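Numbering (UniProt numbering), first residue to last: 1 to 493. Below: the structure, in structure tokens.
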Amino acid sequence: MAAVSSASDTGDPRGRHPPERRLLILGGPQSGKTSTANSILGDEVFDVGTETTHSNVGQTEIYGRRVTVVDTPPWAIPRDPEDNTEADNEDNAGAESENPSRPPQSLDNEGPCMGAILCPPGPHAILLVVSVTQPFTDTEKRAADEQLGALGGGTWRYSMVVFTGVDKLPKGVFIEEHIANTGEALQWLVERCGSRYHAFDNTRKETEDNTQVPELMEKVEEMITDNQGWYFEVNELILLEEEQARRALEEERMRMEEHVRQRDQMIGGPPRELRLLLLGWKGVGKSSVGNSILGRRYFESGQETELCLRRQALVSGRRITIVDTPGWDWFSVRRTPKRIRQESQRGAALLRPGPHTLLLVLPVVSSLTARKRRTLLAHIETLFGDSACLHTMVLFSCGDWLGRTPIEEHILRGGRELQRLLEFCGNYYHVLDSKIPGKDRSVSVLLDKMEEMIRENGDKAFLPIQTEWLSEESSYSSDNTEPEDDCRGCQVQ
Numbered sequence: 001m002a003a004v005s006s007a008s009d010t011g012d013p014r015g016r017h018p019p020e021r022r023l024l025i026l027g028g029p030q031s032g033k034t035s036t037a038n039s040i041l042g043d044e045v046f047d048v049g050t051e052t053t054h055s056n057v058g059q060t061e062i063y064g065r066r067v068t069v070v071d072t073p074p075w076a077i078p079r080d081p082e083d084n085t086e087a088d089n090e091d092n093a094g095a096e097s098e099n100p101s102r103p104p105q106s107l108d109n110e111g112p113c114m115g116a117i118l119c120p121p122g123p124h125a126i127l128l129v130v131s132v133t134q135p136f137t138d139t140e141k142r143a144a145d146e147q148l149g150a151l152g153g154g155t156w157r158y159s160m161v162v163f164t165g166v167d168k169l170p171k172g173v174f175i176e177e178h179i180a181n182t183g184e185a186l187q188w189l190v191e192r193c194g195s196r197y198h199a200f201d202n203t204r205k206e207t208e209d210n211t212q213v214p215e216l217m218e219k220v221e222e223m224i225t226d227n228q229g230w231y232f233e234v235n236e237l238i239l240l241e242e243e244q245a246r247r248a249l250e251e252e253r254m255r256m257e258e259h260v261r262q263r264d265q266m267i268g269g270p271p272r273e274l275r276l277l278l279l280g281w282k283g284v285g286k287s288s289v290g291n292s293i294l295g296r297r298y299f300e301s302g303q304e305t306e307l308c309l310r311r312q313a314l315v316s317g318r319r320i321t322i323v324d325t326p327g328w329d330w331f332s333v334r335r336t337p338k339r340i341r342q343e344s345q346r347g348a349a350l351l352r353p354g355p356h357t358l359l360l361v362l363p364v365v366s367s368l369t370a371r372k373r374r375t376l377l378a379h380i381e382t383l384f385g386d387s388a389c390l391h392t393m394v395l396f397s398c399g400d401w402l403g404r405t406p407i408e409e410h411i412l413r414g415g416r417e418l419q420r421l422l423e424f425c426g427n428y429y430h431v432l433d434s435k436i437p438g439k440d441r442s443v444s445v446l447l448d449k450m451e452e453m454i455r456e457n458g459d460k461a462f463l464p465i466q467t468e469w470l471s472e473e474s475s476y477s478s479d480n481t482e483p484e485d486d487c488r489g490c491q492v493q
């Protein structure tokens with residue numbers, strides 16, 4: 001890990017965007033991380049009603065500065081050796097524990113430190129959220145130390161403690177007194193953060209006199225100034241290796257339980273997970289397709305997607321995770337900016353251990369020429385490798401335009417180039433009306449087709465993540481990907 005500074009982070013007037021601040025939020029179970037993230041963003045961007053299982057990102061603008069906030073899953077609380085003894089005597093215990101419940105971290109969940117990948121090239125501030133209503137013991141101290149250590153060396157100089165639930169403190173008790181009275185573990189945490197802390201009352205976010213967020217951002221700016229404008233540079237490859245090791249344990253557990261799941265399949269059992277990556281040209285309706293599949297407007301449609309966005313929902317008894325990606329150029333891989341190509345690969349990396357299906361969105365109203373087909377295939381093979389065809393399905397959007405015309409008839413009318421594209425995808429395709437999220441009954445049929453494709457792929461059920469997908473130095477060869485002809489006069493048809 002290294003601390004670096006750049007002109008774009010210090011408010012270079014030559015930059016195209018307002019100066020940015022990136023905040024990574026970490027904390028234990030029931031600490032109020034998600035509510036804190038929503039308070040900073042000034043809106044209910046993240047769902048506070050369910051446990052956070054994967055990191056999510058939100059953005060806002062505060063006093064002309066773009067602020068990126070990453071909410072993460074709670075870090076795992078290590079179990080004390082005494083806990084095993086206490087568990088043996090659980091039947092004899094009549095009183096509730098004062099500590100929040102600490103179920104073992106699900107292997108389906110993402111490690112909290114992976115959220116650092118969502119604020120590239122790294123966070124300016126790491127906010128450690130601690131609730132004043134929960135005891136902060138040596139166990140929580142060890143958990144915080146392990147999580148910061150997993151990010152790499154030098155993280156503490158970028159860290160700040162954010163106390164939540166301060167409205168629950170006894171009347172007349174200030175946060176400084178709480179820190180002094182809580183014990184050595186909490187004092188250690190504050191000292192490790194350079195005595196930087198902030199008190200948050202998430203119940204006040206709707207009041208007009210709420211100055212909590214501006215005051216927090218002032219403290220963040222002071223910390224950045226103390227760090228000479230540097231941010232914490234994330235080593236994505238190290239984080240990916242750690243996450244892959246954790247996911248390997250999950251895959252092993254899934255293999256061991258496969259026989260049990262097949263035998264005990266029944267209503268109310270654990271949902272099956274499907275991980276989908278939306279790909280395609282600019283303006284083809286990928287975000288609308290994602291909303292239709294998830295049954296709710298999770299993605300902002302009608303405007304250009306600039307950054308990958310991951311959302312999750314239960315659909316037809318399955319847990320569906322979708323990543324929406326920025327669109328490609330219609331006629332040339334080289335005309336797709338390197339940033340967009342890297343973002344496409346980063347989107348796949350957000351679907352650890354890899355996407356089951358690459359959904360190539362193609363509007364039924366668009367004609368497919370030889371050049372367009374070659375460009376689509378060049379994008380897929382260049383970014384995701386030769387085996388990507390095994391996991392690619394064509395999804396026809398704007399299905400309402402077909403009227404009563406069957407999709408098979410449309411494919412025949414589409415000509416040889418469309419048929420060649422479908423052959424590349426193993427003739428896996430589906431048509432979707434993405435106008436009204438949640439109203440298209442064919443979504444269940446689409447998921448069935450995906451599961452059929454997964455079964456056909458056997459032991460290659462998903463496209464494994466490649467470490468080079470997260471490398472800033474990823475190279476994109478143009479050899480044999482497309483013709484050399486000049487595109488400047490091309491028009492979208």
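All C-beta atoms in this analysis are idealised placements derived from N, C-alpha and C, irrespective of residue type, glycine included. Keep in mind it's a predicted model, so treat the numbers as computed, not measured.
Listed as beta-bridge partners of residue 320 by DSSP are 274, 313.
About 7 Å separates the beta carbons of residue 431 and residue 364, which is inside the 8 Å limit, making them a contact pair.
In the structure shown, residue 54 falls within a coil segment according to DSSP collapsed to helix, strand and coil.
Pairing residue 191 with residue 180, the inter-Cα distance amounts to about 12 Å.
Across the set 66, 74, 235, 114, the C-alpha of 235 shows the shortest separation from the C-alpha of residue 121. Cβ-Cβ distances below 6 Å link residue 329 to 335, 336 in the same chain, with the five nearest sequence neighbours on each side left out; the list follows chain order.
The criterion of a C-beta distance shorter than 8 Å is satisfied by residue 333 and residue 379.
For residue 20, the enclosing beta strand (DSSP E) begins and ends at 20-27. Beta-bridge partners of residue 198 (DSSP): 162. Pairing residue 279 with residue 244, the inter-Cα distance amounts to about 24 Å. Boundaries of the alpha helix (DSSP H) harbouring residue 443: 442-457, taken from the DSSP string. DSSP places residue 379 in the uninterrupted alpha helix (DSSP H) bounded by 370-384. DSSP places residue 71 inside the beta strand (DSSP E), whose first and last residues are 65-71. Residue state for residue 304 is assigned as coil, using DSSP reduced to three classes.
For residue 151, the enclosing alpha helix (DSSP H) covers residues 138-151. The way I'd put it, the segment 44-62 doesn't touch the segment 142-152; fewer than three beta-carbon pairs between them come closer than 8 Å.
In the DSSP annotation of this structure, the continuous segment of the alpha helix (DSSP H) that includes residue 287 starts and ends at 286-294. One Cα belongs to residue 57, the other to residue 412, and the distance between them is close to 42 Å. Per DSSP, residue 358 is not a residue of any alpha helix (DSSP H); the beta strand (DSSP E) it occupies stretches across 357-363.
Counting the other CB atoms within 10 Å of its CB gives residue 433 a total of 16 or more, which places it among the buried residues. Here residue 285 is not near residue 425, since their CB atoms are 8 Å or more apart.
DSSP lists no beta-bridge partner residue for residue 114. Residue pairing from DSSP places residue 393 in a beta bridge opposite 359. The C-beta distance from residue 275 to residue 391 rounds to 10 Å, too long to meet the 8 Å contact threshold. Per DSSP, reduced to three states, the secondary structure at residue 125 is strand.
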